[in-house]
Every structure is written in structure tokens, then in C-alpha cells.
Amino acid sequence: MKTRTNWLLMILISGLIISGCSPRAKYERRLKHELASGVRYDSLFLGLYFGMPEKDFYVHCWNLNHKGLLKQGESNRTAEYQLKDELKHPAVMDFYPKFNQGKISEMPVSFKYKGWTPWNKTLSSDNLQIEVQKWYEKIYGEGFIKVKHPLHGIASVKINGNRRITIFKQDDLHVWAVFTDMSVKKGWNDSPSLPENNQNDTTKSIKK
Amino acid sequence: MKSKERIKMKKTRYLIRIGMFLFGAAVISQSCTKLDEKLYSEVTPSNFFKTDAEFVSALGSAYTQLGGYATGDINEVQEMTTDEVVVPTRGSDWDDGGTQRRLHLHSWGYDDGFMNNPWDFCYSGVSTANRLIYQFQTLSDGGQVDATVAAAYLAELTTLRSFFYWQLVDMYGNVPYDNDFANANPAPSQTPRATVFANVVSDLETNVPLLTKNVDGTTYGRMNYWAGKFLLAKLYLNSKIYSGTEQLDKVIAACDEIINSGKYNLESNYFANFNVNNSGSKEFIFAIPYDKIFFTGFELGAASLHYTSQFTYNLTFQPWNGYCSLEKFYNSYDATDLRRGDAGTLTGPATKRGNFIAGYQYLASGGIATDDGADGTDPDGKKLNLGNIGDIINGQPAPQINELGPQAWRQSGVRIGKWEFEMGGTTEMSNDYSVFRYADVLLMKAEALWRKSQSATDANALALVNQIRTRAGLNDMTSLDGKLSFDLTGPVVAGGELFNERGREMFAEHSRRQDLIRFGLWAQVNKWVLPHHNTTDVVNAKTDAYLTLYPIPKPKLAANPNLVQNPGY
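Chains A and B, in that order, give the protein sequences.
Heads up, the final residue of the first sequence is numbered 308 in my numbering, and it's a clean run with no missing numbers.
Heads up, the final residue of the second sequence is numbered 832 in my numbering, and it's a clean run with no missing numbers.
Structure below.
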């Protein structure tokens, strides 16, 4: 009787340990803790920040364009910044924010190695994803955790106050880092949104 | 004693169990935050495609790449380099060191981003197709999926891959053709253009017969048999350019098969192909099913419309004032051509929809739209008049575009209005984009017939072209020869009117660069080039023959020592 009780106890403890340490649980605890802290991290990059009015964003980017720091990005849909030696190989980052009530609330940033070809695995998104995370750890600090992203496989997530950074690869070429203001967009189901399409979306379209 | 020992042993076993349990839990605890970085391209038991729905879902990732086709980087190099579309430099905003102007002047450099991005677009499509082909083939070979089911999907993926290779062989000529996904050479050499072309044609001739001939909701936006035939017709039509050998009979045969199938037809209304709700047009042989939420990437309104047009269409964003059409091209449409549409005037907005947004613009709320930032030299100032239609300068009609740069008027140029703009729309448009359209089948066959007969009055060719013209409300064409649309004061050119008609019908559908090269007109760029005053621009647009190919992009050369730059660069 006592042995059975002990086994039940062990099963109960194991359940608690496993569920408590699952990536999702860890992510949710971190999110809850960080949001409760009330600390805001609005800084993004290149002088951009959460809450930046749409008009200010355009003016700021135009100024950076005039200085030669930004140019028209991939497929004319983004602003492009040429990375110099931040990563192991020459790369570009493209970005265009999402606005909520006229202010930046999310910033999807895509990366690709300029020399990418399908055959050169050194320049594949698998390696690029690791490099982007290393670079971001230097800028935004360590503490990325790995989670299963609902749409994009294994992702790395870091939350500081209201700022969530999610890094994942989209295809063989592109890696995304999505900055999300979680005080605006709460909850795991609010997956980082992209200007690009994903597999599931396309399938819907095909069936249209 | 025995009893005590038994209790001690029991206690020890219990502790060992607890210890094992806690160790196991700790291992699980570690692993759940340190997941392996696995390659999703690997075939594992967990990501097998077992059902039809799973195959279709996986196929979706192969088509995803097409999101950037309509107004992305392919559009830049296939349209901005021609007499149809230009982005003048209006002040210094987003001049980007003159990259857009260099497209117009045929003076691009091998390190311009516009040379690198189309390469990535195409090879990304090739790569995804090859990954899926490898996965499907592995499963099929291993008997884990029905071989006949897999065969159809493999044929579809090979056809889609051929589409990307067609773009590559068209733009860059000699490119690597290596489809071994599992054991790819990390630094492959280029394959000669004619060989890549032959390989792609061979792939299609083998695989297209395996594709479904159904034309319905399940094949919309996918490579079916007819889309494969269209792609073959396109390759055969350009065969002389790609391989040095004409294949005109094959063009005719492929087009005839599509025409005689009865599956497709001209829409009675040309603009039915370009409406917001144009899904399922009977002219669409292969279309990209854009959706402002589910499948984005078609952003023509944002790229072309004037800033103030936001209030004409009640858009949720301010457009970028970029793409416009050239005056000579606009004027190549007859005034009665239903495809041109009319221009807004001081007394009211345009009443006939057309390929262009021209003349005075009006607010959705009523009243003429104004451009507070209008240039001081703009002929009619703040009133928003796209292309300055009807304006006079020194007794002469004002130019629609005063110059390529650096100070093109903000209101310069009629805009691309071929695809309907949704009132209240976002940057993303929901109009589907026809990559292969039935009207082009008629024009391709007409051209092949004309090239064979070398007769300006080839009755069969004229009959096909006149189907297009009848729909456009025009009289029948009686000669395929004529003055070129960008050189109306010049000589009559063999096939000139056929070339012009292709432009008027296929405007902004990514066919103009190929047309110009195939008709031998690419080097005549100085006849459509705009006045340009940037000190860094070349004095005259370049006309060298090598420019029919784009350069192998600089970053690709740097990353692969086995790549050789195209001649001339």
C-alpha cells in the first residue's frame, strides 16, 4: 500500500516537473514575470522603437536613406540595411514594421546571407539562425530559450519586459527575428506575424 | 536482523528508484529547454507525407516563393528595364544611389541589389522544389507512399522548378543546374545556357504529360497540364535566344493543344482578368492567388500610386509614388482602345477604366485632389494631374515625365491601373495575378506563324491578333509590320505592329523584356530613354549586346569560386 502511494507520489512529482519545465510553460512563466515587472524595453535598432509614430518612422528611415544607411529592400516591400561584419559572412537585413493605432507594435526583420545558394550549406538559414542569435545575445543579452513555434519549427525566444524577440528560419534562405511589444500583443497564440507568406497560408490560397 | 536488512534493502531500492526517477526527470527537464536543432529538410518518420492533404500542404511551400513575383524583384528587372515602366527619381528620396535609374538606362552594375535578388528568388524556388522532390522520391522509393500518387506531385514540382529555371536561363544565361538535393556540390560550376535550356525542356516534356488536365478549384494556382504546355510554348518561342535554334512548330503545336482543349477562352471583358475578384477567370492558365491576408506580396497600388491617391481610394496607407508608364508607350494605344481608359479632366474624374491612371485625380469624398508638395515647375501646380495630361508649356504639350532624375515632378507619369484598386485597400492587394494568360497563347501562336511565314499579311496570324483587338474595341489589323511604339517617327519594322500589340495587351505582365530581346530591339534603349541629368549617370544608355543577359551577382561570385562572370561585365 505504502509502495503504491510512493509510486503515485513519484508520478505526480514527475508530472509537475515535466509540465513545469516544458518550453511552453517556461515561456509563459517568463512572459508573465516580465510583463508583471512593469519594465519597458522599447528600443529596437537604428534608432527605431516601439510606440514610434508611423510618420516619425518614415521620416527617420528617409533620413537614414539619405545618409546611405538604408535602401529599398527585397521585393520593394522593406527597408534594407547592409550588415558589415556583424555576422560571419556578408548579409542583409530587411524590415518593415507593423503599426497598431499608428505606432510601431511589431518589427519583423528578415536576414539572408548575400552569397546564399542552395548548394552552399555554410550559408544556409540553419547556420544563419545560429549567427543571428549570437549577434542578438551581444546586443540584447543572453537568455534565449528554444521553443516549438506554432508555424516555423524550432524558434529562439527572449523576453525582456514588454519586448519579445523571436528568431526562426522561414526557408533555406531567410531567417526572421521578430520584435513584438507584448504589452500590445499578448498571449502565445499571437504568433509573430510576417510580411512574407508561410506554408499554411499558401495552402489556403491554393485551395481558394 | 533479516527483517532489518530487508527493510534497509527495500529502503535502498526505493532511494535508487527515486534517484533514477529524479535523474530521468532532470534529463527531461534539460532536454525540454535545449531541443535539438534539427534540419526540417530531413525525412524522418514524423514528417512523412502520408495523405493527399499532407502532400498538398507540403506543396504549398514550393508555391510560397511566388508571392514575390508580381511586384517584386523579377518585376524590377523584367519591366523597369523596358519601354513600359519606369521609376523616375523624384527628389532624393529612396534614390538608392541610382539603382532604379540604372535599370532604365541599361547601365546596371554587377553589385546592384536588383541583380542579386532575382537570383535568390529563383534559386530559392528551385531549392524548395528540390527538397520536396527528394522527400517525395525517398518515400516513394521506400514504398511508404503510393508511387502513382507521388509521381503526380513529383511531376508538378519538376514543372514548377522548371518555371524558376526558365527565369534564370532567361536573365542570367549560364547558371548552375544541379538538382541533387542530398549530395549537392557546394560550389557547382555553371552549365551553358543552351544546355540548361535543353534540360529544362526535357524535364517538362517528360513531366507535363503526367500532370492533371483538370481545370477547377483543385488545380487553380497550381501547375497543371495546360500550365506546363504554356511554359513549354514560352521556352520554344524564345529557343533561338536561349539555344540558337528556332522551334516554331513546337510553339504552334503547344498553343494549338491549349486552344483546342476548349478549357480556356478570352474573357469578353478584358478587365475581368484584373478585377479584385478575378479568381477563376477563364483566361487564367496559371495564376498566383494573392490575398491581402492569406497570401501577400502584390503591392502595385503602394508602388505606383501618388501619395495623395490615398484619398482617391480611401487607402489605409500612403502610397510610395514610384512606378509609372512611359509617355511613348501610353501614346501607342489608340484613343478608342478600351484597354487604355481615359484621363481625368478639370471637370471630372476618368469615366473609363484603363491600364493607366491618368490625368486629374479626385477625392473619394468629392473635389479635385491636390498635391501640397507639388514641384514649383509643375505645369499646373498643386492640382493632382498624373502625367500632366492636357498641360501646356510654351505652347507645347507638357511632357508626361519631365526627366528621369534627379528632379522628376512628383506628378510625373501615368500610373499602372491595370489591376483594380480596392476602395479602402491596404498595401496588399487581393487581385490574383495571371502568370500565364490565354491571350498570350493567341499572341505566341501568331508570332510563331509570322516568323515561319515571314509575311506581314499572314492571314492565320492576323486572325489570332484580331481576336485580341476585337475585344479591345479596335479595327482589325491588316499588317503585322509597323512603326515601333517607342519610335513612331521611325521606319516601318518587320513585325512592328505585332510587337506593339503584345505590349498593349501584356502590359506590366513581365513579358516586355523578353519581347524586346526576341524582336531584336533591346539595344534600341536610347529611343525610349528619358532625359536624365544626374551627374553619376552614363551620358547615353548602354546598347551593348552583352546586356541582354544580367551579370552573375557579385555576392554569388564571391561565395563560389567556380562561377564565371557573364561576358562584358
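Glycine included, each C-beta is placed from N, C-alpha and C at the ideal position.
Note that this is a predicted model, so its numbers are computed, not measured.
Compute the Euclidean distance between the alpha carbons of residue i and residue j, then round it to the nearest angstrom.
{"i": "His133 (chain A)", "j": "Ser205 (chain A)", "result": "20 Å"}
{"i": "Gly688 (chain B)", "j": "Leu578 (chain B)", "result": "5 Å"}
{"i": "Glu685 (chain B)", "j": "Tyr576 (chain B)", "result": "7 Å"}
{"i": "Trp382 (chain B)", "j": "Val432 (chain B)", "result": "11 Å"}
{"i": "Asp346 (chain B)", "j": "Leu402 (chain B)", "result": "49 Å"}
{"i": "Ser774 (chain B)", "j": "Tyr332 (chain B)", "result": "13 Å"}
{"i": "Ala724 (chain B)", "j": "Trp713 (chain B)", "result": "6 Å"}
{"i": "Gln573 (chain B)", "j": "Ser628 (chain B)", "result": "12 Å"}
{"i": "Asn300 (chain A)", "j": "Gly484 (chain B)", "result": "Legend: pLDDT at Asn300 (chain A) = 36, less than 50; position of this residue unreliable, value from coordinates given subsequently. Their Cα atoms are separated by approximately 15 Å."}
{"i": "Pro582 (chain B)", "j": "Met207 (chain A)", "result": "20 Å"}
{"i": "Ser693 (chain B)", "j": "Asn541 (chain B)", "result": "9 Å"}
{"i": "Gly783 (chain B)", "j": "Pro449 (chain B)", "result": "37 Å"}
{"i": "Gly215 (chain A)", "j": "Gln328 (chain B)", "result": "19 Å"}
{"i": "Asn618 (chain B)", "j": "Gly607 (chain B)", "result": "14 Å"}
{"i": "Arg603 (chain B)", "j": "Phe460 (chain B)", "result": "36 Å"}
{"i": "Lys248 (chain A)", "j": "Ala392 (chain B)", "result": "25 Å"}
{"i": "Ser387 (chain B)", "j": "Pro612 (chain B)", "result": "44 Å"}
{"i": "Phe244 (chain A)", "j": "Asp315 (chain B)", "result": "37 Å"}
{"i": "Val792 (chain B)", "j": "Glu691 (chain B)", "result": "31 Å"}
Do residue j and residue i have their beta-carbon atoms positioned less than 8 Å apart in this structure?
{"i": "Asn437 (chain B)", "j": "Thr454 (chain B)", "result": "yes"}
{"i": "Arg673 (chain B)", "j": "Arg353 (chain B)", "result": "yes"}
{"i": "Glu546 (chain B)", "j": "Met486 (chain B)", "result": "no"}
{"i": "Glu760 (chain B)", "j": "Gly736 (chain B)", "result": "no"}
{"i": "Thr475 (chain B)", "j": "Ala550 (chain B)", "result": "no"}
{"i": "Ala325 (chain B)", "j": "Leu395 (chain B)", "result": "yes"}
{"i": "Glu710 (chain B)", "j": "Val539 (chain B)", "result": "no"}
{"i": "Lys212 (chain A)", "j": "His274 (chain A)", "result": "yes"}
{"i": "Gly335 (chain B)", "j": "Asn176 (chain A)", "result": "yes"}
{"i": "Arg365 (chain B)", "j": "Asp375 (chain B)", "result": "yes"}
When you compare the CB of residue i with every CB in chain A, is at least one pair closer than 8 Å?
{"i": "Asp875 (chain B)", "result": "The first residue shown for chain B is 264 and the last is 832, placing residue 875 (chain B) beyond what the model contains."}
{"i": "Ala613 (chain B)", "result": "no"}
{"i": "Ala822 (chain B)", "result": "yes"}
{"i": "Leu298 (chain B)", "result": "With a pLDDT of only 29 at Leu298 (chain B), under the threshold of 50, the placement of this residue in the model should not be trusted, and no figure is reported."}
{"i": "Pro814 (chain B)", "result": "no"}
{"i": "Pro818 (chain B)", "result": "yes"}
{"i": "Ala490 (chain B)", "result": "no"}
{"i": "Ser390 (chain B)", "result": "yes"}
{"i": "Glu305 (chain B)", "result": "With a pLDDT of 38 at Glu305 (chain B), under the threshold of 50, the predicted position of this residue should be treated as unreliable, and no value is reported."}
{"i": "Asp635 (chain B)", "result": "no"}
{"i": "Asp638 (chain B)", "result": "no"}
{"i": "Asp383 (chain B)", "result": "yes"}
{"i": "Asn379 (chain B)", "result": "yes"}
{"i": "Tyr696 (chain B)", "result": "no"}
Does residue i have its Cβ less than 8 Å from a Cβ in chain B?
{"i": "Asp156 (chain A)", "result": "no"}
{"i": "Gln233 (chain A)", "result": "no"}
{"i": "Arg129 (chain A)", "result": "no"}
{"i": "Arg177 (chain A)", "result": "yes"}
{"i": "Asp271 (chain A)", "result": "yes"}
Run through chain A and tell me which residues come within less than 7 Å of residue i, C-beta to C-beta.
{"i": "Asp359 (chain B)", "result": "Lys171 and Gln172"}
{"i": "Ser836 (chain B)", "result": "Within the shown structure, residues of chain B are numbered from 264 to 832, placing residue 836 (chain B) beyond reach of any answer."}
{"i": "Asn540 (chain B)", "result": "Ordered by position in chain A, no residue passes the 7 Å Cβ test against Asn540 (chain B), which lies about 11 Å from the chain."}
Using a cut-off of 9 Å between C-beta atoms, extract the partners of residue i located in chain A.
{"i": "Asn393 (chain B)", "result": "Pro218"}
Checklist entry - For the stretch 198–223 of chain A, which residues have a CB atom closer than 9 Å to at least one CB atom of chain B, in sequence order? => result Lys212, Tyr213, Lys214, Gly215, Trp216, Thr217, Pro218, Trp219, Asn220, Lys221, Thr222 and Leu223
Item to check | Near-chain B residues of the stretch 143–175 of chain A - C-beta to any C-beta below 7 Å | outcome: Trp162, Asn165, His166, Lys171, Gln172, Glu174 and Ser175
Next on the checklist: So if I threshold CB-CB distances at 8 Å, which residues from the stretch 421–451 of chain B count as touching chain A?
Outcome noted: Pro439, Asp441, Ala447, Asn448, Pro449, Ala450 and Pro451
Item to check | Residues in the stretch 561–572 of chain B having any Cβ partner in chain A nearer than 9 Å | outcome: Glu562, Ala565 and Ala566
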